[in-house]
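**Student:** All residue numbers for the sequence shown refer to the working numbering, where the first residue is 204 and numbers rise by one.
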Amino acid sequence: RFDVLVVGGGPAGATAAVYAARKGIRTGVAAERFGGQVLDTMAIENFISVPYTEGPKLAAALEQHVREYEVEILNLQKAVKLVPGADIIEVEFANGASLRSKTVILATGARWRQMNVPGEDTYRNKGVAYCPHCDGPLFKGKRVAVIGGGNSGVEAAIDLAGIVAHVTLIEFDSALRADDVLQRKLKSLPNVTILTSAKTTEVLGDGQKVSGLVYENRTTGDSVKVELEGIFVQIGLLPNTEWLKGVVELSPRGEIVVDAHGQTSVPGVFAAGDCTTVPYKQIVIALGEGAKASLSAFDHLIRSSAP
Ligand code: FAD
204 RFDVLVVGGG PAGATAAVYA ARKGIRTGVA AERFGGQVLD TMAIENFISV PYTEGPKLAA
264 ALEQHVREYE VEILNLQKAV KLVPGADIIE VEFANGASLR SKTVILATGA RWRQMNVPGE
324 DTYRNKGVAY CPHCDGPLFK GKRVAVIGGG NSGVEAAIDL AGIVAHVTLI EFDSALRADD
384 VLQRKLKSLP NVTILTSAKT TEVLGDGQKV SGLVYENRTT GDSVKVELEG IFVQIGLLPN
444 TEWLKGVVEL SPRGEIVVDA HGQTSVPGVF AAGDCTTVPY KQIVIALGEG AKASLSAFDH
504 LIRSSAP
């Protein structure tokens, strides 16, 4: 039985575990894949105080830091059910096992929705990107496309237009869905082309990196090739919270609703990182939120009556 059980082993979960263990309380981390999204990342240039690192290196460092402490790490464990209780919360796993803890910190992160077109997988991190805050500067002076005309796509296009040479925004529907104020801003920019009713069908590359894309003009049915160096896919970020539906309050986007302390709607259950309503999904933010949720869990423990 744990005092703090962290579900998720990305930046938020690893930090929560270290903070809990440093309080000398019984801490466990169960993760489907220790390291989280960082494992899928190459260059990281905004982990402040470390000007450059790479995902797998940072993931290994996260795990090493957790292993400095007495933390029980259960890797390759997928949580499928959360059972709240007055003093003890239970987490059930896909393999049938279950763990009991006085507090639980949910840090299951999120995943970017993909286009699922040929070339996307091949050129991920080789021109296909998902995070403009992370990878925008890598495309300085180059030509990029942003896929998706919702708020995140249009925000990304505005952001990138200030860094890159040219942005082509590609929206499947006949109109952009972003807020008017964002659309007006986008349309005022000289180096942006907006394509609507356009379905991206293929990512093109030279074997090493992206060299363009093909889209179908949904009005004429024509296939059109665009030459460019980068593609930012902005068609949604899906929180890994499907298993919490009906148990913990989720936002309409499926994010775990947390207050300023990382407290969820269930007493004793806290959450941190990309799986929550906290805006801007970034490593440094997930780290800070993990620390906060862990300190809140500790605060909860010292105030609760359970021995
Ligand atoms: P995650 O990293 O998503 O970790 C979630 C953890 O929960 C994983 O261990 C996962 O296996 C586990 N998990 C999920 N579901 C379950 C379950 N049901 N049961 C058990 N465990 C579960 N951010 C930056 O700041 N800089 C960058 O340069 C940068 N580049 C990026 C590049 C790419 C390609 C991607 C995909 C993301 C990038 N990000 C970057 C974003 C950054 O990776 C995330 O903001 C950060 O990893 C979020 O941390 P997290 O701990 O909340 O979630």
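Ideal Cβ positions, reconstructed from N, Cα and C, are used throughout, including at glycine.
Rounding to the nearest angstrom, what Cα-Cα distance links I276 and A223 in this structure?
**Tutor:** 13 Å
**Student:** Which of the three DSSP states is assigned to R225 in this structure?
**Tutor:** Here R225 sits in coil by DSSP.
**Student:** Considering only their Cβ atoms, is the gap separating R225 from D206 smaller than 9 Å?
**Tutor:** no
**Student:** Quick one, which of A401, G330, A219 has its alpha-carbon nearest L431's?
**Tutor:** G330
**Student:** Check D206 in the structure and name its three-state DSSP category.
**Tutor:** strand
**Student:** Taking the CB atoms as reference points, tell me whether G493 and A215 lie closer together than 9 Å.
**Tutor:** In this structure, A215 lies closer than 9 Å to G493 by Cβ.
**Student:** With a 10 Å radius around its C-beta and 16 neighbouring C-beta atoms as the bar for buried, classify I505 as buried or exposed.
**Tutor:** Classification of I505: exposed, given that the 10 Å Cβ count is below 16.
**Student:** Q466 and I350 - do their beta-carbons sit closer together than 9 Å?
**Tutor:** No, the Cβ-Cβ distance between I350 and Q466 is not below 9 Å.
**Student:** Under 9 Å between C-beta atoms, does R225 make it to chain B?
**Tutor:** Absence of chain B from the displayed structure is noted, only one protein chain being present.
**Student:** Considering just the uninterrupted stretch of the alpha helix (DSSP H) at K390, what are its terminal residues?
**Tutor:** 383-390
**Student:** Confirm the yes/no value for this check: CB of D338, any heavy atom of the ligand FAD, distance under 8 Å.
**Tutor:** yes
**Student:** Would you kindly report the start and end of the unbroken beta strand (DSSP E) that includes P442?
**Tutor:** 440-442
**Student:** Are there any heavy atoms of the ligand FAD lying less than 8 Å away from the beta-carbon of A489, as far as the coordinates show?
**Tutor:** Using a cutoff of 8 Å, the CB of A489 counts as near the ligand FAD, since one of the ligand's heavy atoms is closer than that.
**Student:** State the Cα-Cα distance for the pair L385 and L302, rounded to the nearest angstrom.
**Tutor:** Taking the straight line from one Cα to the other gives about 46 Å.
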